[in-house]
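**Student:** The structure is given below, and queries will be raised subsequently.
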């Protein structure tokens, strides 16, 4: 793994958890948390989960996609956030920042599909 781009794990003793679940994963609560931490085109980049929350998330995803689809949370994204499982009993927190790309004028980004010189030659031949 490239150490330059590895996410910095939160210190769970000093950084409190942001959500607690009882017996099942609460998608609406996670969505509200992400919305509350998003502003000015920036959103959190990572979802840090402890072992208990990782199990709840695996169960939640297995119910939607089947148990074979969620063997591991490695390289898993949930609601646009990369899921990082950390080695603590219970923990859930968002972290990092990613910038949302603004939409640009699609015509300005479109490559030119005509070669101007060839196009001019065709026009000259048609008009002659």
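Residue numbers (this note's numbering): 699 to 826.
Where a beta carbon is used, it is the ideal one built from N, C-alpha and C, also for glycine.
Using alpha carbons as the reference points, say which of 714, 774 and 778 lies closest to residue 752.
**Tutor:** 774
**Student:** Under a three-way DSSP split, which group does residue 753 fall into?
**Tutor:** helix
**Student:** In or out: residue 764 buried (at least 16 other Cβ within 10 Å) or exposed?
**Tutor:** exposed
**Student:** Contact between the region 737-745 and the region 778-785: three or more CB pairs below 8 Å?
**Tutor:** Three or more Cβ pairs closer than 8 Å define a contact, and the region 737-745 meets that threshold against the region 778-785.
**Student:** For residue 787, which residues in the same chain have their Cβ closer than 7 Å to its Cβ, ignoring the five residues on either side in sequence?
**Tutor:** 748, 749 and 750
**Student:** Would you give the residue range spanned by the beta strand (DSSP E) that residue 791 belongs to?
**Tutor:** 790-793
**Student:** Could you please give the first and the last residue of the uninterrupted alpha helix (DSSP H) stretch that includes residue 728?
**Tutor:** 725-734
**Student:** Given a cut-off of 8 Å on the beta-carbon distance, is the pair residue 792 and residue 739 in contact?
**Tutor:** Not in contact: residue 792 and residue 739 (Cβ atoms no closer than 8 Å).
**Student:** So, helix, strand or coil for residue 700, using DSSP?
**Tutor:** Here the model assigns residue 700 a pLDDT of 49, short of 50, so the residue's position is not dependable, and the following value carries that caveat. DSSP places residue 700 in coil when its eight states are reduced to three.
**Student:** Smallest Cα separation from residue 726: which of 714, 755, 767 and 713?
**Tutor:** If we check each option's Cα against that of residue 726, 755 comes out closest.
**Student:** Ends of the beta strand (DSSP E) at residue 781?
**Tutor:** 779-783 is the extent of the beta strand (DSSP E) around residue 781.
**Student:** Considering only their Cβ atoms, is the gap separating residue 771 from residue 717 smaller than 8 Å?
**Tutor:** no
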